[in-house]
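Data first, discussion second: the structure below is written as structure tokens.
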Amino acid sequence: MKTTEFIDILKESLEIDDSEVLEDTDLKSLDNYDSLAILSIIALIDEHFGKKIKGEQFKNISTVKSLMTLIGMDNFDE
Amino acid sequence: MFSVIEMIEYWLPETVLDNHQLERKFPEWNSNRIEKKVGIRERHIAGENETASDLAYEAAIKLFKGYDKNKIDFLLLCTQSPDYFFPSSACLLQSRLMLSDTVGALDYNLGCSGFIYGLALSKGLIRAGIASHVLLLTAETYSKHLHPQDLANRSIFGDGAAATVVSKVDQEHIYEFEFGTDGNGKDNLIVANGGLRNKYNHDESTAVGGTEFMRSDNYLYMNGPEIFNFTIEKIPLLVENTLRKNKMSLNDIHYVIFHQANKYMLTYLRKKMKIPENKFFMNMEHTGNTVSATIPIALKESLCQGIVKKGDIVLLVGFGVGYSWGATVVKI
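Note that the protein sequences, when read in sequence, are chains A and B.
Under my numbering, think of the first position of the first sequence as 59, with each following residue one higher.
Under my numbering, think of the first position of the second sequence as 11, with each following residue one higher.
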């Protein structure tokens, strides 16, 4: 998957319309980043990558990039 | 000797806690967003002196307005909020409901899978010739297990009780079951203190939390992400195995009723399993997650709204604390 495509899906699932999200955006700085957002990310990763992220691993997620690393960089083209 | 769900009634406590009230208590909370995603607008909360057995009592009394209670020869009560360590609340209810002293009565401790287990136990009692009319009560007051400042869980859980009669008939209406248990999930949904393993901690200052959660071992702790992972992993397989065991496909099923955990999770699971939306009944807007009572409450509502009709084939799926899960197919 292209990184831009991933960010679009991520924005959609976190219901972010206006603000810009980049690879180095800190997810925790987003208004909607709460327990429901985490469920959305779990669903997104299951649906698009068939992977499971454990609850405790979310503590280590800060930027979009760190989430991508957790999913596995081999899943991203560029 | 076969079984049927003969009748269902339910009871919700009088006090309603709606999202506007929650928003006033927790001003940083965006009720619109939560409501849209979680699908819950209000939940009923038991009074300070009102217990799960009180709610079960009211549900049963409501049912007995249209049902001869002298027929009942067995009483099962599913709750994780008993009045006492002992005697079991089922014994108290036998007396309060003025049921014959020849009924068998017992409590069993399960959460969101509880109704499915209750149907299986009822079917077993009937099949074995032990009982012919089982009163299955599923009653819960999780609000009493929640920290007052635990906004996230307060927005999800509601209190309530359902009374279901499972009766002997000459054609099977409660088909085959599938079950599962994984006690490795115990720490992800738990009230750790107050039983005999860990005493209740009277020092309330040990509670830790942020804007959404407040965590103390005296109260319910739910690891939402892990619970979601558990359902993603187990529930599609559970549905598949239950259908296979019944030699059915989704095409043979008129309606699917899941434990009403929250709208977001259910919608994701529904899509993942490719269950058509028009076959998937959801009912949580006015009740919240009432734990073991959600399935009978949803089934009753679907009948009242004329959605599920007599003769329909319905897939019932329960899952949660334990972990514990189960599913069956019933003919209404």
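Glycine included, each C-beta is placed from N, C-alpha and C at the ideal position.
At least 8 Å separates the beta-carbon of B/L309 from that of B/I263.
The beta-carbon of A/F134 is placed no less than 8 Å from the nearest beta-carbon of chain B. Of the other Cβ atoms in all chains shown, 16 or more fall within 10 Å of the Cβ of B/V324; this residue is therefore buried.
Counted as a single uninterrupted DSSP element, the stretch harbouring B/K341 is not any alpha helix (DSSP H) but the beta strand (DSSP E) occupying residues S334 to K341.
By DSSP's assignment, B/M258 forms no beta bridge with any residue.
In the DSSP assignment, A/E63 falls within the unbroken alpha helix (DSSP H) covering T61 to S71.
Within 10 angstroms of the beta-carbon of B/Q315 lie fewer than 16 other beta-carbons, which makes it exposed.
When beta bridges are read from the DSSP output, B/M224 appears opposite B/G219.
Under DSSP, B/R280 shares a beta bridge with no residue. Comparing C-alpha distances from B/L87 to each of B/Q104, B/G76, B/K81 and B/L73 shows the shortest one belongs to B/Q104. For B/I242, the neighbours in chain A by C-beta distance under 9 Å run, in chain order, I100, A101, D104 and K110. For B/C314, the enclosing alpha helix (DSSP H) stretches over residues T304 to C314. The C-beta separation of B/P97 from B/E60 comes to about 19 Å, leaving the pair out of contact by the 8 Å criterion.
Taking the Cα positions, B/E287 is about 8 Å away from B/R280.
Excluding sequence positions up to five before and after A/T61, its CB lies within less than 8 Å of the CB of E81, M126, F134, D135 and E136, all in the same chain and listed in chain order. Sequence-distant partners of B/T151 (beyond 5 residues in either direction) whose C-beta falls short of 6 Å from its own C-beta, in its chain, are A56, A62, S91 and D169. Under the three-state reduction of DSSP output, A/T121 falls in the strand class. When only Cα atoms are considered, B/K35 and A/H106 end up about 38 Å apart. Contact annotation: the stretch 109–124 of chain A touches the stretch 239–249 of chain B, with at least three C-beta pairs closer than 8 Å. Considering only A/Q115, A/S120, A/D104 and A/L85, the residue with the shortest C-alpha distance to B/P246 is A/D104. Residues of the stretch 67–93 of chain A with a Cβ closer than 8 Å to any Cβ of chain B, in chain order: E73, N90, D92 and S93.
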